[in-house]
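Start counting the sequence shown at 2; every next residue gets the next number (our numbering).
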Amino acid sequence: MKILVIGASGACGRRVATEAEARGHTVTRASRTRRGGRHLSDTGRETLDAPTWVGLDAADAPAVAQAARGHDVILGATRPARGHEDEVPAATAGLATGAKQADVRLIVIGGAGPLLLPGSTSRAIDHEQWVPRAYRQAAAASVEQLQVLEAAVDVAWTYLAPPALFQPGERTGTYRTGGTELVIAADGTSLISMEDFAIAALDEIEAPTTHQGVLSIGS
């Protein structure tokens, strides 16, 4: 498959792109602030890029459509800097409109905010246990992000939602899904490494299970 990863310079997007390439897919990496050349790896060492890079603002729908043509899937992994959470709705709308114009499936990596607690109608964003105050703005942006996608009725989209704790870590090769509900382990934790999340994202790309809906992921 040919996959356009928008937000590929970020921690999660980079891991998804790497997982896709390891599975033999052709990946175009896109970022608003990166256009290839040298960058810092996870270890802080400067490296040279071999993959194809495209400079792209996710909010620019025509640019998204142009970059996406000839691809099978757009994977949106954009993350605003702290204090710029208000950019999320426009970026999501740009991804959705661009995907529609290019007639390409859209996978968006969102947040845990809009997820329901298991067996409840209460959302994760409404509980400080799952969304600490420091991350409330980002969680609120993820709620708006999902609302933008839900309004895109003529786009083939899937919203991949991580658990409460989502950061780089070990690649175990295992994960669980919970639909619209927050994935919580038996010990009461809600977490996954970005490496395992990338596995789940590629599994969903290769064998879709969710159309115009939410797929939560956790360990």
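Think of the CB as a built atom: it goes at the ideal place given N, C-alpha and C, for glycine as much as any other residue.
Task: Residues that valine 74 bridges to, as DSSP identifies them - done: Here residue 74 refers to the residue found at position 73 of the sequence shown. Valine 74 is bridged to Ile4, Arg106.
TODO: Leaving aside the five residues before and after alanine 94 along the sequence, list all residues of the same chain whose C-beta is less than 6 Å from its C-beta, in chain order.
DONE: By 1-based counting over the sequence shown, the position of residue 94 is 93. Excluding residues within five positions, the ones whose Cβ falls inside 6 Å are Val149.
Task: Residue of Glu171, Ala157, Ala78 minimising C-alpha distance to proline 209 - done: The residue you call residue 209 lines up with position 208 of the sequence shown. Cα-wise, what sits closest to proline 209 is Ala157.
Open item on the list: Please list the terminal residues of the continuous beta strand (DSSP E) segment that includes valine 28.
Closed with: One-based indexing of the sequence shown puts residue 28 at position 27. That run of the beta strand (DSSP E) goes 27-32.
Open item on the list: Can you check which of these residues, Leu183, Leu203, Thr175, Glu207, is closest to serine 220 by C-alpha distance?
Closed with: For the purposes of this step, residue 220 is identified with residue 219 of the sequence shown, where counting begins at 1. For the residues Leu183, Leu203, Thr175, Glu207, the minimum Cα distance to serine 220 belongs to Thr175.
TODO: Could you tell me whether the segment 96-103 touches the segment 66-84, using the rule of 3 or more Cβ pairs below 8 Å?
DONE: yes
Open item on the list: Considering Cα atoms alone, identify which of Arg15, Ser10, His26 is closest to aspartate 58.
Closed with: Position 57 of the sequence shown holds residue 58. The option with the nearest alpha carbon to aspartate 58 is Ser10.
Open item on the list: Need the endpoints of the beta strand (DSSP E) that leucine 166 sits in, please.
Closed with: In the sequence shown, the residue the question calls residue 166 occupies position 165. Residues 166-168.
- [ ] On the DSSP bridge assignment, give the partners of tyrosine 160 in chain order.
- [x] Along the sequence shown, read from residue 1 onward, the residue named residue 160 stands at position 159. Its beta-bridge partners are Val109, Val215.
Task: Cβ neighbour criterion (16 or more within 10 Å) applied to serine 143 - done: Residue mapping note: residue 143 aligns to position 142 of the sequence shown, counting from 1. Buried.
Task: Helix, strand or coil at leucine 192 according to DSSP, with G and I counted as helix - done: Stepping through the sequence shown from its first residue, residue 192 is reached at position 191. In the structure shown, leucine 192 sits in a strand (DSSP, three-state: E or B).
Task: Beta-carbon contacts of leucine 116 that lie in its chain and below 7 Å, excluding the five residues immediately before and after - done: Sequence index remark: in the sequence shown, residue 116 carries index 115 (1-based). The residues are Arg124, Ala125, Ala162, Thr181, Glu182, Leu183, Ser217.
- [ ] Identify which residue in Thr211, Ala199, Arg106 has its Cα closest to the Cα of arginine 15.
- [x] Position 14 of the sequence shown, counted from the start, is the residue given in the question as residue 15. For the residues Thr211, Ala199, Arg106, the minimum Cα distance to arginine 15 belongs to Ala199.
Open item on the list: Checking 8 Å against the spacing of the C-beta atoms, do valine 6 and arginine 33 come in under that value?
Closed with: Working through the sequence shown from its first residue, we reach residue 6 at position 5. Working through the sequence shown from its first residue, we reach residue 33 at position 32. Going by C-beta atoms, valine 6 is not nearer than 8 Å to arginine 33.
- [ ] Sort Arg172, Leu118, Pro63, Gln138 by Cα distance to threonine 19 and report the nearest one.
- [x] As a first step, residue 19 is located in the sequence shown; it is residue number 18 there, counting from the start. Cα-wise, what sits closest to threonine 19 is Arg172.
Open item on the list: Please tell me whether valine 55 and valine 105 are closer than 8 Å, where the distance is taken between their beta carbons.
Closed with: By one-based count along the sequence shown, residue 55 stands at place 54. By one-based count along the sequence shown, residue 105 stands at place 104. No, the Cβ-Cβ distance between valine 55 and valine 105 is not below 8 Å.
- [ ] Could you pull out every residue in the same chain whose Cβ sits closer than 6 Å to the Cβ of alanine 141, ignoring the five residues on either side in sequence?
- [x] Taking the first residue of the sequence shown as position 1, residue 141 is located at position 140. Taken in chain order, the list of residues that qualify is empty.
Task: alanine 62 in three-state terms, based on DSSP - done: In the sequence shown, the residue the question calls residue 62 occupies position 61. Here alanine 62 sits in helix by DSSP.
TODO: Classify alanine 78 as buried or exposed, calling it buried when 16 or more other Cβ atoms lie within 10 Å of its own Cβ.
DONE: Position 77 of the sequence shown, counting from 1, holds the residue named residue 78. Label assigned to alanine 78: buried.
Task: Of the listed residues Thr211, Tyr136, Ile206, nearest to proline 81 (C-alpha basis) - done: As a working mapping, residue 81 is identified with position 80 in the sequence shown. Of the candidates Thr211, Tyr136, Ile206, the one whose C-alpha sits nearest the C-alpha of proline 81 is Tyr136.
TODO: Could you give the DSSP three-state label for glutamate 171: helix, strand or coil?
DONE: Indexing the sequence shown from 1 puts residue 171 at position 170. Correct three-state label for glutamate 171: coil.
Task: Per-residue DSSP class, three states only, for valine 149 - done: As a first step, residue 149 must be located in the sequence shown, where it is residue number 148. Note: valine 149 maps to helix in three-state DSSP.
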